[in-house]
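One structure is given below, encoded as C-alpha cells.
In the UniProt record's numbering, the protein residues as written are 1 to 161.
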C-alpha cells in the first residue's frame, strides 16, 4: 500500500497492478542495497559492477560515462573494487596504451548467484501462464518501461537545458 505522503499525489485509488509495480521498484532498491552489502561494496561501486557484468570489459572512461561520474571518482571506484577483489585491470588487446577493467570471474559468480535464482523463479512463473496472460504481462511491462524511459529522458533534457 502507498504511504500517505505518496498517496496524496495520486488522482484517486491506484490499480493493484500499479501498486505492485511501485512495490517492485522499491523492492529493487532494497535488493540492490542488500546485495551491495553482501558483496562488501557501496551502491556506486555496486552499480559499477553492474556495468562490468552487463557490458564486459570496459575502459575507465566508458565506465565513467555509464556511471555519470568524473574520471577522478571513477579511478577511486576502480581502486576500491580492485582492492576488494571484484575487478582486474588488463591491457586492451586492441590498443596496448589503453587499460580495460573487467569483473573478477569469482566475484561475477557471487553476484549472479543472487540474481539468477530470482530471474529463474520469475521465468517459471510467466511460463506457467497461458499465452493471453503472458501477452498482457509483457504489454503492461512494456508500457511501464516506456513510461520510465520517457521520465528519464525528460529529466536528462531538463538537466542539459
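Quick reminder that beta carbons are idealized off the backbone N, C-alpha and C, glycines included.
In the three-state reduction of the DSSP assignment, residue 87 falls in the strand class, which pools E and B. Rounded to the nearest angstrom, the Cβ distance from residue 52 to residue 87 is 6 Å, consistent with a contact under 8 Å.
When C-beta atoms of the region 60-80 are compared with those of the region 104-114, fewer than three pairs fall below 8 Å, so the two segments do not count as touching. According to the DSSP assignment, residue 99 belongs to the beta strand (DSSP E) that extends over 95-103.
By a beta-carbon distance limit of 8 Å, residue 81 contacts residue 48. Their separation comes to about 6 Å. Proximity to residue 59 across 92, 121, 139 peaks at 92, based on C-alpha coordinates. Here residue 121 is exposed: its Cβ has fewer than 16 other Cβ atoms, across all protein chains shown, within 10 Å. Non-local C-beta neighbours of residue 77 in its own chain, meaning closer than 8 Å and more than five positions away in sequence, comprise 44, 45, 48, 63, 67, 69, ordered along the chain.
Around the beta carbon of residue 100, a 10 Å sphere encloses 16 or more other beta carbons of the protein chains shown; the residue is thus reported as buried. By a beta-carbon distance limit of 8 Å, residue 125 does not contact residue 21. Their separation comes to about 16 Å.
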